[in-house]
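Chains as they are written, first to last, in the numbering used here: chain A, 1 to 249; chain B, 250 to 410.
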């Protein structure tokens, strides 16, 4: 069991530069050249391209169906798996060890990312936004078909409140949103019953803190239908405790 | 695995289901790990990968980077061969299935003159070690990775011959 856990920890991006590069792709070649100069020797490039499936063009990216793609998927599964207190507690019981000695690759990665973000000129603003996000927990982004008394969408009002609190101009706030929430989505579940259908996306943010699950659900009854778009914030307790370390309070 | 406490912890942590058959729950971490291990096997089967990594890590791996997929077949075959009651006869049965490519239960019973009850036990054992597959036509066939690395089975000298 210890070998198994060590193997997983060794491929997590906080401890392995190849995993880190694979996680953060696609990236502009110039950015890769600056951030990972060691991977741009001809020998290293050939290895990464031919054996792992990383394409080096103007944009460096993972080739589909490659090992790099599988590793990228697995890193996300590993993050979610070991960022669960229940799982780490069960592993501690199985290994006869203390829960604190079971690593949490997501927490390690998040600590690195949040420290890096804090070094940016707008770092304080980004971290305050993240703190407000994890404290809130879930948001109604949009809903349709409900009567007047129903709870109204609170995502946009929340964003307005954040914008006001951190005093970010619109362009700066757009950048912050891209960093924290992300632009790309991956379907992680979909399904339905005769009277409802749902689809759940994971939103991938710039450094893959991946804080948001985006759920769309439609329910029908007769001629009526109700639609909900909900954001659920993930990894809340881990992020909260790291923010406490970094920001205090 | 014998005690309830360990089974419960494994079930919760990995999504392992312990019923009359031990299996993995779809979408749980154990299931994802098996998918990832398949990809790792494919990577380590790639000769170019092994040769490039061997030249980089010669001091760490003086014997060269192993082909993990091949090694896994070998581990299972050796495990099977060392089963105290049925090990040797199970290897004999496996060699026969390899020789003919595919066979139904009745055919194996006739060819090997083994009691049906024992034959069923042996086939269960081969299935447990993932060395055979039962197809839709009730035929037993060698697992794909065993066919690829059949030389390991042939090398198991003095066992089942």
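For every residue, glycine included, the Cβ atom is placed at its ideal position computed from N, Cα and C.
All values reported here derive from a predicted model rather than from experimental measurement.
Asked, Found
"For residue 391 of chain B: DSSP bridge partner residues", "B/381"
"Residue span of the beta strand (DSSP E) that contains residue 294 of chain B, given as start and end", "Not the beta strand (DSSP E): residue 294 of chain B falls in the alpha helix (DSSP H), residues 278-294."
"Residues that DSSP places opposite residue 228 of chain A in a beta bridge", "A/143 and A/217"
"Listed by chain order, chain B residues near residue 250 of chain A by CB distance under 7 Å", "Since the first residue of chain A shown is 1 and the last is 249, residue 250 of chain A is not available in this structure."
"CB contact check: residue 318 of chain B to chain A, cutoff 7 Å", "no"
"One or two residues paired with residue 187 of chain A in a DSSP bridge", "A/201"
"Simplified DSSP assignment, three categories, for residue 55 of chain A", "strand"
"For residue 20 of chain A, the first and last residue of its enclosing alpha helix (DSSP H)", "17-24"
"Members of the segment 147-173 of chain A near chain B, C-beta cut-off 8 Å", "none"
"Element boundaries [beta strand (DSSP E), containing residue 272 of chain B]", "271-273"
"Minimum Cβ-Cβ distance from residue 175 of chain A to chain B less than 7 Å", "no"
"Classification of residue 264 of chain B by the beta-carbon crowding that lies within 10 angstroms, buried from 16 upward", "buried"
"Which listed residue (A/59, A/179 and A/160) has its alpha carbon closest to that of residue 113 of chain A", "A/179"
"Residues that DSSP places opposite residue 266 of chain B in a beta bridge", "B/272"
"Residue 94 of chain A and residue 102 of chain A closer than 7 Å at C-beta", "no"
"Residue from B/276, B/252 and B/403 whose Cα sits closest to the Cα of residue 347 of chain B", "B/403"
"Neighbouring residues, chain B, relative to residue 67 of chain A (Cβ below 7 Å)", "288 and 292"
"Cβ-Cβ distance between residue 395 of chain B and residue 322 of chain B below 7 Å", "yes"
"Option nearest residue 122 of chain A by Cα separation, candidates A/137, A/134 and A/167", "A/167"
"Residue-level contact to chain A via CB, residue 301 of chain B, 7 Å cutoff", "yes"
"Under 7 Å by beta carbon: chain B residues contacting residue 261 of chain A", "Here chain A has residues from 1 to 249 only, and residue 261 of chain A is not among them."
"Short Cβ contact (7 Å threshold) for residue 204 of chain A with residue 184 of chain A", "yes"
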